[in-house]
Amino acid sequence: MARDYSPITFFLRVPKPLLGRYFRQYRDILRKIDFEELEETRTSAEIIFEAFSAFPGSQQAKIEAEFQDIDSMAFQGGVKALIEEATDHPHFDASFPEAINRFNSDHGKVMWTFLEHREYWAGATSILYAENIADAYWKKRNDLPHVTPLVAPEDAERLEKALIGYFRTKEGRGRHCKVDVFRRHEKEYFFAYLSDFSKSELEFEGTAFNPRARTPAFEIIFAYTQSEGSLDIYAPRNTKYVTDLQQLFSERILDLEELDEFAGDDLIYNLNALADRDFVFDYPVDSGIESVAIRLLRLSLLGGGKRRITLEADPKQNPKAIHDLMDKLRPPPFNVTQAEIMVTFRTPMPGSRTRDRKFRISYPNSCNLRHQGRDRMIREMLIRSGIEETGTETTGEDDAP
């Protein structure tokens, strides 16, 4: 979660014994401070900050980089990502959720994981990053054969070499490449980092202020779901290469020959049913879902002219509030082209304090749900309810089903 990092605030939020373990065991510094006796107060945080500030700037910079990573994971979503990484493939650590929840604060949970279970860190942080990329930035095709991806180290190396060859030929960059492979539920993620053109930036090194040459990396993320036959690619500033990247990935990781031209996504959200007061969402009793309510409907009026009405009503007290509003306003003929829905679960998911999940779906096939955890349950509910379906896409809002 994006927040302004402040070292004093960070030292205030992290339990002092865990800070002591980091500094003494992990960095072998600040051994004279009795962290176990420090109170959880701002004064204690300032004492730590003053002692920390006495170290050379280069040493501080390395530590602060790690602290900012820890700070960025210290929220409900970050804790949940760590729990999912620990309990999913390839770790399957069933004891982790109980162990991490011994700490009351998110900062305590995340710092403890950083110290005790670094093997979960890279997967959790990488996948959380990918899951928070807006759908609009992913390029998707879902017409691939449902084949098992090749995920061994030598397969990742083959992808590395292919990406190096491709970008060296196309642009003269990409001399080096590193591919990390992680799995979350049914989705395989391939995070590719390629060397970009070198740059010169002004930097402080101690008190010296000089230009320094550096070689940044640019990233490409491949996300493949075998059960869906789908491949999502995130390639910022490289979208013109997506078709080639699909082919390259399919050859090296899916062991496929030349792909056919993508005919387009055949998934459609049929939202008109949501305007019916008697519509009922269909979900199994063991889904963990307690209730589902509609918060917002966008109505595209028939007859052309791009005329729209957006209705919004709080369903907390009245689950049918949106339909009561529609009955009162009596809009002219329309198609529903966007909806915001709130799903309430019986209990919070691990690492979360809330039971509610709000999401938006738009015609023809836009949805901000992800494919893991409770979002996956909700997607299954949309399919069972006849909201998510496959078919031939229509041509405009007037023709929306």
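Residue numbering for the sequence shown follows the UniProt record's numbering, beginning at 1 and increasing consecutively.
By construction, the Cβ of each residue, glycine as well, lies at the ideal position given by its N, Cα and C atoms.
On a predicted model such as this, the values are computed, not experimentally measured, just so you know.
Three-state secondary structure (DSSP) of residue i
i       : result
Ser-198 : coil
Asp-69  : helix
Asn-368 : coil
Asp-28  : coil
Thr-394 : Residue placement at Thr-394 cannot be trusted, given a pLDDT of 46 that sits under 50; what the coordinates show is reported in the next sentence. It is coil, neither helix nor strand.
Phe-204 : strand
Asp-356 : strand
Tyr-269 : strand
Ser-58  : helix
Lys-139 : strand
Ser-291 : strand
Phe-218 : strand
Glu-64  : helix
Glu-160 : helix
Ser-250 : helix
Phe-23  : helix
Pro-236 : coil
Asp-375 : helix
Ile-127 : helix
Ile-133 : coil
Ile-8   : helix
Integer-rounded CB distance, given that residue j should sit under 8 Å from residue i
i       : j       : result
Leu-302 : Leu-311 : Rounded, the Cβ-Cβ distance is 16 Å, inconsistent with contact.
Glu-340 : Lys-358 : 6 Å
Gly-229 : Asn-365 : Incorrect: roughly 16 Å between the Cβ atoms, too far for contact.
Leu-248 : Tyr-166 : 6 Å
Leu-231 : Gln-246 : 6 Å
Ala-74  : His-117 : At roughly 15 Å, the Cβ-Cβ gap does not stay under 8 Å, so Ala-74 and His-117 are not in contact.
Pro-7   : Phe-35  : That pair is no contact at about 16 Å.
Tyr-5   : Leu-115 : In fact, because the Cβ distance is near 19 Å, the residues do not count as touching under 8 Å.
Leu-163 : Tyr-120 : Contact flag wrong, Cβ pair sits at about 27 Å.
His-323 : Thr-225 : Not a contact, Cβ separation roughly 35 Å.
Residues that DSSP places opposite residue i in a beta bridge
i       : result
Phe-96  : Note: Phe-96 sits in no beta bridge, so no partner.
Asp-180 : Phe-191
Ser-300 : Arg-308, Asn-335
Ser-230 : Thr-225
Ser-362 : Gln-338, Ser-366
Thr-344 : Ser-291, Asp-356
Ala-213 : Ser-200
Glu-388 : Tyr-269
Closest by C-alpha distance to residue i, when choosing among the options
i           : options                            : result
Phe-96      : Glu-84, Ala-136, Phe-359, Pro-90   : Glu-84
Arg-376     : Ala-124, Glu-131, Ile-294          : Glu-131
Thr-207     : Arg-252, Ser-58, Asp-282           : Ser-58
Arg-212     : Gly-108, Ile-220, Glu-201          : Glu-201
Tyr-193     : Pro-236, Asp-255, Val-151, Ala-273 : Pro-236
Asp-71      : His-176, Tyr-26, Pro-15            : Pro-15
Pro-90      : Asn-272, Ile-253, Glu-186          : Glu-186
Ser-126     : Phe-191, Cys-177, His-176, Ile-294 : Phe-191
Ser-287     : Thr-344, Lys-328, Val-79           : Thr-344
residue 418 : Tyr-189, Glu-205, Ala-217, Phe-209 : Because the chain spans 1 through 401 in this model, residue 418 falls outside it and cannot be assessed.
Phe-11      : Lys-32, Glu-46, Arg-21             : Glu-46
Glu-388     : Leu-274, Tyr-234, Ala-122          : Leu-274
Ser-250     : Ile-48, Leu-159, Leu-382, Asn-335  : Leu-159
Leu-254     : Gly-77, Leu-297, Glu-188, Lys-240  : Glu-188
Arg-384     : Asn-270, Thr-239, Lys-161          : Asn-270
Asp-260     : Leu-382, Leu-144, Glu-37, Glu-98   : Leu-144
Residue i beta carbon near the ligand FAD (any heavy atom closer than 7 Å)
i       : result
Met-381 : Only the bare structure without any ligand can be found here, which leaves the ligand FAD out of the picture.
Inter-stretch contact (C-beta, 8 Å, three-pair minimum) for the segment 164-182 and the segment 60-79:
Contact between the segment 164-182 and the segment 60-79 is absent: fewer than three C-beta pairs spanning the two stretches fall below 8 Å.
With a threshold of 8 Å, are at least 3 pairs of Cβ atoms found where one atom belongs to the segment 150-157 and the other to the segment 177-187?
With the cut-off at 8 Å, the segment 150-157 and the segment 177-187 touch.
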